[in-house]
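Asker: Be aware that the sequence shown starts at 28, since it is given in our numbering, and climbs by one per residue.
Glycine included, every Cβ here is placed at the ideal spot set by N, Cα and C.
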Amino acid sequence: MRNLSKYRNLAFENKETIKQVQTQLLQEHLMYCLNNSSFYKKYLGNRIEDISKINLKNFKNIPLTEKSFIEENNNGFCAVDSSQIVDIVLSSGTTGQPIKIMYTEHDLKRLAYNEEKSFIGCGLTKDDIVLLTCTMDRCFIAGLAYFLGITSLGAAAIRNGHGSLDSHSEIIQNMKTTVIVGVPSFLKKLGIYMQKENKDPASSSVTKMVCIGEPLRNEKVELLDLGIELEKIWNAKVYSTYASSETITTFCECEAQCGGHLHPDLAIIEIIDEQGNVIKDRGIGEIVVTPLGIEGMPLVRYKTDDISFLMNEPCKCGRNSMRLGPIVGRKNQMMKIKGTTLYPQAVYNALDSLNFVQEYYIEVTNDIDLSDNLIIHIAVNEQDFDLQLLQDRLQSRLRVKPNVILEKKAVIKKIIYTQEIRKPIRFFDRRK
Ligand SMILES: [Zn+2]
Numbered sequence: 028m029r030n031l032s033k034y035r036n037l038a039f040e041n042k043e044t045i046k047q048v049q050t051q052l053l054q055e056h057l058m059y060c061l062n063n064s065s066f067y068k069k070y071l072g073n074r075i076e077d078i079s080k081i082n083l084k085n086f087k088n089i090p091l092t093e094k095s096f097i098e099e100n101n102n103g104f105c106a107v108d109s110s111q112i113v114d115i116v117l118s119s120g121t122t123g124q125p126i127k128i129m130y131t132e133h134d135l136k137r138l139a140y141n142e143e144k145s146f147i148g149c150g151l152t153k154d155d156i157v158l159l160t161c162t163m164d165r166c167f168i169a170g171l172a173y174f175l176g177i178t179s180l181g182a183a184a185i186r187n188g189h190g191s192l193d194s195h196s197e198i199i200q201n202m203k204t205t206v207i208v209g210v211p212s213f214l215k216k217l218g219i220y221m222q223k224e225n226k227d228p229a230s231s232s233v234t235k236m237v238c239i240g241e242p243l244r245n246e247k248v249e250l251l252d253l254g255i256e257l258e259k260i261w262n263a264k265v266y267s268t269y270a271s272s273e274t275i276t277t278f279c280e281c282e283a284q285c286g287g288h289l290h291p292d293l294a295i296i297e298i299i300d301e302q303g304n305v306i307k308d309r310g311i312g313e314i315v316v317t318p319l320g321i322e323g324m325p326l327v328r329y330k331t332d333d334i335s336f337l338m339n340e341p342c343k344c345g346r347n348s349m350r351l352g353p354i355v356g357r358k359n360q361m362m363k364i365k366g367t368t369l370y371p372q373a374v375y376n377a378l379d380s381l382n383f384v385q386e387y388y389i390e391v392t393n394d395i396d397l398s399d400n401l402i403i404h405i406a407v408n409e410q411d412f413d414l415q416l417l418q419d420r421l422q423s424r425l426r427v428k429p430n431v432i433l434e435k436k437a438v439i440k441k442i443i444y445t446q447e448i449r450k451p452i453r454f455f456d457r458r459k
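What follows is the structure, given as structure tokens:
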């Protein structure tokens, strides 16, 4: 396996150099897959005649890899002797059967390097003290990735994971934490808790928050209300980061805060439409990732199920790597309502923009006419509630007219917050 740091500054090179290096790394990756992965030997062996002719342009002709392929033939994806595997993560499959993602020691080093680069991108240095409010256990690879990245950078990690609000608050005050990593809605909750306890988060030592699991921005890459609130409550900057267990590749915002940078030496990214064709120029579709330099379970053109878009214009930070937009939704959460395509996040954004909305969840059902039905359950502050404004906002943002059911706040909270998970569950898919 190659020396990971060899192309450390590749993102700052011109686009032509980036393409050349990526083409070479892609060819090496494909060669590795064909030689070592029994799945890819069979799947791609006959389809690739000459690896040296594969480039970033004709790469789109190579077949895609679906998650279900891993479910059907999990061990066929393992490209090393089982004795070389040092970490196994379980990820939920499409049929409910968990799939194993297997990492070698090299893969964990790559994970550390990948995350270190992401943290450097949003301005972290070895002087930072980083509070992790996400778990490292329960097969959560991201928690481990952040820890490895922080230590690789030389900063200090405080792994308080799913500790209580009070324990996080104490740590922030006593340890002079400068950065927090966590789920945005949890960081908001923590900030409000600290305000109530008279420990103003805005005057704490925290200057940055690296946010996971929920988008911070809309499709125009502008901060959503949650992001605006977080920056205000904490008097700190928010940076979004995106990754998945299977692809082991992170896309993290830089200090310019305008989309997650691809580390061009670590992955190739594409966006495809429903038919599998590559979409260009900011078109919205499914994210397809080919992580480069993976040893244990290499993947080629892996369909992530997540929906977003790519930005290719130069970034203020000086990097020339592509940037990934905010996650618009999950492919399987796509709703088709009377010809309009819609993702839950768009509904959340519309509801979050209304001050009188306190809590909500959405339900989607379908019937024989093949159009989905969207039902929004909301709790409102009755003093300020304006039904007309609610209807107008939904109509203008979503271009559909959902059914709205008013509920008590406590009822909704019981449904959306489970003790196990940090972020609320707001989407209930009841489609057949
Ligand atoms: Zn940038």
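Could you tell me if T445 is buried or exposed, where buried requires 16 or more neighbouring beta carbons within 10 angstroms of its beta carbon?
Answerer: It is exposed - the Cβ of T445 has fewer than 16 other Cβ atoms within 10 Å.
Asker: Determine the DSSP secondary structure at R424, reduced to helix, strand or coil.
Answerer: Three-state DSSP puts R424 in a helix.
Asker: Using 8 Å as the Cβ pair cut-off and three pairs as the minimum, do the segment 231-242 and the segment 148-164 touch?
Answerer: Verdict: yes, contact present.
Asker: Would you mind giving the Cβ-Cβ distance between L351 and I296, rounded to the nearest angstrom? I have them listed as a contact below 8 Å.
Answerer: That pair is a contact at about 7 Å.
Asker: Exposed or buried, which one is V113 when buried takes at least 16 other CB atoms within 10 Å?
Answerer: It is exposed - the Cβ of V113 has fewer than 16 other Cβ atoms within 10 Å.
Asker: Look at the Cβ atom of L253, then the Cβ atom of S191, and state whether they are nearer than 8 Å.
Answerer: No. Outside cutoff.
Asker: Name the one or two DSSP bridge partners that A183 has.
Answerer: In DSSP, A183 forms a bridge with I156.
Asker: Hey, could you find the ends of the beta strand (DSSP E) M236 is sitting in?
Answerer: Where M236 is concerned, the enclosing beta strand (DSSP E) stretches over K235 to C238.
Asker: Comparing alpha-carbon positions, which option in A183, S231 and L180 lies nearest E197?
Answerer: Nearest option by C-alpha distance: S231.
Asker: If you measure from each residue's Cβ to the nearest non-hydrogen atom of ligand 1, which ones come out under 6 Å, in chain order?
Answerer: Listed along the chain, these residues meet the criterion: C281, A283, H288, C342, C344 and R346.
Asker: Under the rule that 16 or more other beta-carbon atoms within 10 Å means buried, what is R346, buried or exposed?
Answerer: That one is buried.
Asker: Taking the DSSP output, what are the residues bridged to E280?
Answerer: DSSP, once it has assigned bridges, lists G287 as partnering E280.
Asker: To which residues of the same chain is Q49 closer than 7 Å at the C-beta, ignoring the five residues directly before and after it?
Answerer: Excluding residues within five positions, the ones whose Cβ falls inside 7 Å are L83, P291 and I295.
Asker: Short of 7 Å in beta carbon distance, which residues of its chain neighbour P451, apart from the five on each side in sequence? Order them along the chain.
Answerer: Here the set comprises S212, I443 and Y444.
Asker: Give, in chain order, every unbroken run of the alpha helix (DSSP H) that is at least 4 residues long and sits entirely within the segment 197-246.
Answerer: With a minimum length of 4 residues, the continuous alpha helix (DSSP H) runs that stay inside the segment 197-246 are 211-223.
Asker: Would you report the Cα separation of I255 and S95, rounded to the nearest angstrom?
Answerer: Their backbone Cα atoms lie some 38 Å apart in a straight line.
Asker: Excluding the 5 residues flanking Q124 on each side, which residues of the same chain have their C-beta closer than 8 Å to its C-beta?
Answerer: Correct list, in chain order: E98.
Asker: Counting pairs of beta carbons, one from the segment 171-188 and one from the segment 300-312, are three or more of them closer than 8 Å?
Answerer: Verdict: no, contact absent.
Asker: So which of L289, Y370 and V438 has the shortest CA-CA distance to K46?
Answerer: Closest option to K46, Cα to Cα, is L289.
Asker: Relative to the alpha-carbon of K226, which residue among K203, V116, G209 and D411 has its alpha-carbon at the smallest distance?
Answerer: The residue with the shortest Cα to Cα distance from K226 is K203.
Asker: Quick check on F167: does DSSP put it in helix, strand or coil?
Answerer: In the structure shown, F167 sits in coil (DSSP, three-state: anything other than H, G, I, E or B).
Asker: Going by alpha carbons, who is nearest to T392 out of I402, Q385, F383 and V384?
Answerer: Per the Cα distances, I402.
Asker: Check whether the segment 64-77 and the segment 86-93 touch, using three or more Cβ-Cβ pairs below 8 Å as the test.
Answerer: Taking 8 Å as the limit for Cβ pairs, the verdict is that the segment 86-93 does touch the segment 64-77.
Asker: How would you label E386, buried or exposed, when you count the other beta carbons within 10 angstroms and need 16 or more for buried?
Answerer: Its Cβ being crowded by 16 or more others within 10 Å, E386 is buried.
Asker: Taking a contact to mean a Cβ-Cβ separation below 8 Å, would you say R137 touches M163 in this structure?
Answerer: In this structure, M163 does not lie closer than 8 Å to R137 by Cβ.
Asker: Return the Cβ separation of R453 and I364 in integer angstroms, given the expectation that the two are a contact with Cβ distance under 8 Å.
Answerer: Going by Cβ atoms, the distance from R453 to I364 rounds to 17 Å, so no, they are not a contact pair.
Asker: Which runs of the beta strand (DSSP E) spanning at least 3 residues fall entirely within the segment 51-127, listed in chain order?
Answerer: Qualifying beta strand (DSSP E) stretches, in chain order: 112-119.
Asker: Using only alpha-carbon positions, find the residue among G287, S79 and R426 that is nearest to E142.
Answerer: Of the candidates G287, S79 and R426, the one whose C-alpha sits nearest the C-alpha of E142 is G287.
Asker: With burial defined as no fewer than 16 other Cβ atoms inside 10 Å of the residue's Cβ, what is the status of K264: buried or exposed?
Answerer: With 16 or more other Cβ atoms within 10 Å, it is buried.
Asker: For S109 and N102, I'd like the C-alpha separation in whole angstroms.
Answerer: Whole-angstrom Cα-Cα distance: 10 Å.
Asker: Pick out whichever of Y266, G356 and R357 has its Cα sitting closest to the Cα of C281.
Answerer: It is Y266 whose Cα lies nearest to the Cα of C281.
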